[in-house]
Structure formats: structure tokens, C-alpha cells
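Engineer:
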Amino acid sequence: MLSRLKFRHKLALLPGVAAAGGLVLLVVVAVQGGRSARQLELIENGYYPSVAMSRDLQEALTTLQRALQDAVAAADETQLDEADTVAERIRASLAEGRANPLLDAGEVDELGARFDAYYGLARSTSRQMITGQGSGDLMANLREMTSRFSKLDQDLAARSARDGQRIEEAFARTRQMQRASVWTGVVAILGSLGVLVLLSLRFLRETTGALAEITGAAHRITSGDIEQSVTYRSSDELG
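If you're matching positions, the sequence shown starts at 15 in the working numbering and goes up one per residue.
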């Protein structure tokens, strides 16, 4: 097939192969770069905010419990307003978490419902302890309040650990994609160089063979042997 090409086309084939190899390399870099960028964007806008939310909620939950305890210790019902402020901050954080692309909105809503159930019981129980007024068995309410707090705190700690693991896995995938990009680029470059070397050797062999035939015929003609034929199996200009 190569022997049917014109000589100028054979010469043009070499830079064409080099250009094709460069194009493959460019596509690989662009595709892998885009994937890495999207992965890093998920880490920045998804995983890290999720970890931060879980840790902030844990701290706020502890602050909320302390505010309730302080109100009970001071026997001051007005101090429950401070706990209400912390509770609103927790609800706002959960509402913001619903916009996180990596978080299940239903899971966030379920967490919010559990918090509301805990805080409703915790506030009413604290008020009951302050005023001595309220419904339900105080000790049973205290046990239930403590149980709900512990479950919420443990769940938030588990979420924080899970998201931290996801961040490590996301960085590992990013490094893997970068290594794959490098190796694919190396293969593309070596493949292009290999094809260039093979084509160059093929064209060089054909050209030098033809020139050797022509040179030999010329020498024989100068020696007086006029009838000469040159064998060159190609349809290019030399043929």
C-alpha cells in the first residue's frame, strides 16, 4: 500500500503521523485533566463542606446541651433563649447541607427531624426542671433526652469519619487518573515515534535502493553498456 503513494505523499506522511500522535496526546491530557478537575471540584464543593458541617453540628450540639444545663443550673427560664439561638443555627446548617451535591437531601431531612425531636424533648424537660411544671415522668424524659443526644452525636461522628474516608478515596482516584494520563501520554508518544521510525526506515530503504540501482546503471552506461534497466517497484515519482 505504501509503495502506491507518491513520493511527496510519503514525505508528508511522516509529519502526519507526528501530528496524529500529538493530537492523541492532547486529547488524553484534555480528557484526564477534565476528570481530575471535576474530582477536585467535588472534593472542594462536596466532601469538605460535608465534613465541616458534621463537625460544626457536633460542636453546636455540645454547645446546645451546655446552654440547657446552664439554664437549669441557674434556674433561669430566660436562658433557654440562648439554647433556641443555637438550635436555629443547627437548623440553618442542615438547610445549607441540603444543597450539597454529594448529600442525600432525604438523609439530611431525616437528621433534621431527629434533631427537632431531640430538642423539643430537651427544651421541655429543661423547662420542667426549672419551673417544676410540665407533663410526663421527669426521669424518663431525662433518660430519653440523653439517649437521643448520644445517638445524634454518634451519628454525626460517624458521618464525619465517613466523609473523611471519602476525601481520601477521592484524592486517590485523582492521583490514579493523573498517573493514567501520564502513562497514556507516554504510550502515545512512543507509539508515534515507533511508527515514524518504521516508516522512515521503509522509505529510506526504498529510496536508497532505487538510487543504488540508478547509480549502478549510470556507472555501467559510462563504461559503454548503454542498454540498462532499473527495477524499482513503486508508483511514486522515482518509479
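Just so you know, even glycine gets a beta-carbon here, dropped at the ideal spot from N, CA and C.
Could you give the DSSP three-state label for L116: helix, strand or coil?
Structural biologist: coil
Engineer: Could you check what DSSP says for V41 in three-state terms: helix, strand or coil?
Structural biologist: Note: V41 maps to helix in three-state DSSP.
Engineer: Tell me the residue span of the alpha helix (DSSP H) that contains I104.
Structural biologist: Unbroken alpha helix (DSSP H) run through I104: L94 to G111.
Engineer: With DSSP as the reference, label D130 as helix, strand or coil.
Structural biologist: Three-state result, D130: helix.
Engineer: Under the rule that 16 or more other beta-carbon atoms within 10 Å means buried, what is T139, buried or exposed?
Structural biologist: buried
Engineer: Is T288 near S64, with beta carbons less than 7 Å apart?
Structural biologist: Residue 288 is absent from the structure shown; the chain starts at 15 and stops at 253.
Engineer: Would you call the region 188–198 and the region 161–176 touching, i.e. three or more CB-CB distances under 8 Å?
Structural biologist: no
Engineer: Could you have a look at Q190 and say whether DSSP puts it in helix, strand or coil?
Structural biologist: helix
Engineer: Is R162 helix, strand or coil when you go by DSSP?
Structural biologist: In the structure shown, R162 sits in a helix (DSSP, three-state: H, G or I).
Engineer: My guess is that E91 and I144 are in contact by the Cβ rule of under 8 Å, so how many angstroms apart are they, rounded?
Structural biologist: 5 Å
Engineer: Tell me which residue opens and which closes the alpha helix (DSSP H) that A66 is part of.
Structural biologist: Y62 to A88
Engineer: Between the Cα of S107 and the Cα atoms of A119, R157, V41 and D70, which residue gives the shortest distance?
Structural biologist: Considering only alpha carbons, the answer is D70.
Engineer: If we count the other Cβ atoms within 10 Å of its Cβ and call it buried at 16 or more, is D118 buried or exposed?
Structural biologist: exposed
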